[in-house]
Amino acid sequence: MISRLYGVLLPFFVSFLLAYMLAPVVDFVQYKCRVKNRTLSVFITLLVVVGLLTGLVCIMVPVIGNQAKAAGAGLENYVANLDVDRYLSPETQERIHVWAQNVNMEQMLSYPEVRETVNTMLPKLMSWVSGGLSWLAELVVVFIGLLYLVFLLIDFPRLKANWSKAVPKRFRPMAVTLMRDIMANMNAYFRGQALVAAIVGVLFAIGFSIIGMPMGIAMGLIIGVLNMVPYMQGLSIPPCIILCLVQSAQTGRPVWVTLLCMALVFIIVQSLQDFVIVPKVMGKVTGLSPVGILLSLSIWGAIFGVIGMIIALPMTTLGVSYYKHYILKQSKTEKL
Numbered sequence: 072m073i074s075r076l077y078g079v080l081l082p083f084f085v086s087f088l089l090a091y092m093l094a095p096v097v098d099f100v101q102y103k104c105r106v107k108n109r110t111l112s113v114f115i116t117l118l119v120v121v122g123l124l125t126g127l128v129c130i131m132v133p134v135i136g137n138q139a140k141a142a143g144a145g146l147e148n149y150v151a152n153l154d155v156d157r158y159l160s161p162e163t164q165e166r167i168h169v170w171a172q173n174v175n176m177e178q179m180l181s182y183p184e185v186r187e188t189v190n191t192m193l194p195k196l197m198s199w200v201s202g203g204l205s206w207l208a209e210l211v212v213v214f215i216g217l218l219y220l221v222f223l224l225i226d227f228p229r230l231k232a233n234w235s236k237a238v239p240k241r242f243r244p245m246a247v248t249l250m251r252d253i254m255a256n257m258n259a260y261f262r263g264q265a266l267v268a269a270i271v272g273v274l275f276a277i278g279f280s281i282i283g284m285p286m287g288i289a290m291g292l293i294i295g296v297l298n299m300v301p302y303m304q305g306l307s308i309p310p311c312i313i314l315c316l317v318q319s320a321q322t323g324r325p326v327w328v329t330l331l332c333m334a335l336v337f338i339i340v341q342s343l344q345d346f347v348i349v350p351k352v353m354g355k356v357t358g359l360s361p362v363g364i365l366l367s368l369s370i371w372g373a374i375f376g377v378i379g380m381i382i383a384l385p386m387t388t389l390g391v392s393y394y395k396h397y398i399l400k401q402s403k404t405e406k407l
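Residue numbers (my numbering): 72 to 407.
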């Protein structure tokens, strides 16, 4: 059922997660800023958030654009002045030249295997082209997700106050206890992980800027965003290697020197994160170690995909809370 409804459920779960994170801001606007109308408070909050994100993009885009232009110009200059003799012997160059002259494209395309491959790839290529025209459907999905977000933010106080009434009375105390643990752990996790990600992103941006990596600030901020999921910054290593190659082409430094500098930045920042930042910021507030969080994301993501990664933390916290409050308590009672 979840597989069949995946396309419908994903916008709802994403919107619910955003509503959960923005609800305290809406409450602040409504009660602290004395905006009596809840709907108006929601729209003010969304306008402020969109304005802040737009301002951040306007500030960062010129910086990232200048770094990208500098990297592209350096790479073009390197290619234009590339000395092939440093990498290929004259004999190898002559063999490549002779091979290129003797290549018969018509004969190659006449091979049955090549024809079959082309005939197989053409329908796929057409499907990719038609898939590129589905942007309108994606826009509709985004609009529906925005509607979910607005309605959830408007109804959030009522849902928060009345959800327990949907639970049978005999199970209500247990449900309230478990939900209290989930809310506490979710709040602590998002606040702590967001702060850790911001600090790590800034440290990577500073480190990459010091070693002169092209687009170092942008890469550092990307790593910070990836850090919202523990150890996900490992996905940034291949792009960093490519940027190190570009840096080597720009500056003329040996490639191993640029790669060594990048590795030092990763080692230093990762050490600070694991031994200083995470223990100080996160502590024991979530009740889950980074390894436990990563394992829960992997398991729930493997079962339900992106939806599983969204519900991974609350479902794992629910299981841990139930085990602590009821299984361990029951075992202790039986032992006594």
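Here a beta-carbon is modelled for each residue, glycine too, at the ideal position from N, C-alpha and C.
Selection from the options that minimises the alpha carbon distance to residue i
i, options, result
"V340", "L223, N298 and R243", "N298"
"F261", "V377, G372 and V349", "V349"
"V296", "F279, L314, W234 and A268", "A268"
"G216", "V169, V79 and L316", "V79"
"L224", "C332, F87 and M286", "F87"
"G363", "V391, V119, I374 and V169", "V391"
"A259", "F242, K103, L399 and V352", "V352"
"V247", "P239, R241 and S235", "S235"
"P309", "M131, F337 and G323", "F337"
"F346", "L210, A320, V120 and V271", "V271"
Residue i and residue j closer than 8 Å at C-beta
i, j, result
"V96", "T116", "yes"
"L330", "I312", "yes"
"S280", "I293", "no"
"M245", "P385", "no"
"L343", "L266", "no"
"L220", "L89", "yes"
"D252", "T388", "yes"
"L366", "V300", "no"
"L249", "Y394", "no"
"G263", "A276", "no"
Other residues of its chain near residue i: CB distance less than 6 Å, five sequence neighbours each side excluded
i, result
"Y91", "none"
"G379", "W371 and G372"
"Q318", "M284, P285 and T329"
"V120", "none"
Contact with chain C by residue i, beta-carbon distance below 8 Å
i, result
"F261", "In the displayed structure, chain C is absent; only one protein chain is listed."
Cβ distance (whole Å) where residue i is taken to contact residue j below 8 Å
i, j, result
"V212", "P325", "Actually they are not in contact, since the Cβ atoms of V212 and P325 sit about 48 Å apart, beyond 8 Å."
"L314", "M290", "7 Å"
"M333", "M303", "That pair is no contact at about 18 Å."
"A383", "F227", "A383 to F227, Cβ: 22 Å. No contact."
As assigned by DSSP and simplified to three states, the class of residue i
i, result
"R229", "helix"
"M286", "coil"
"L76", "coil"
"P325", "coil"
"R105", "coil"
"P244", "helix"
"M299", "coil"
"G376", "coil"
"P239", "coil"
"K395", "helix"
"V200", "With a pLDDT of only 49 at V200, under 50, the local geometry of the prediction cannot be trusted, and no value is derived from it."
Residues near residue i by beta carbon distance below 7 Å, same chain, minus five either side
i, result
"L204", "Confidence at L204 is low in this model, with a pLDDT of 49, below 50, so its placement is unreliable and the value that follows should be read with caution. Around L204: no qualifying Cβ."
"S112", "V97, V100, Q101 and V106"
"M72", "none"
"V200", "The predicted position of V200 is uncertain, since its pLDDT is 49 and thus under 50; a value taken from the coordinates is nonetheless stated next. Cβ neighbours of V200 beyond the five flanking positions: none."
"I167", "none"
Cutoff 8 Å; reference residue i; Cβ partners in own chain excluding five residues on either side
i, result
"Y77", "G376 and I378"
"T163", "none"
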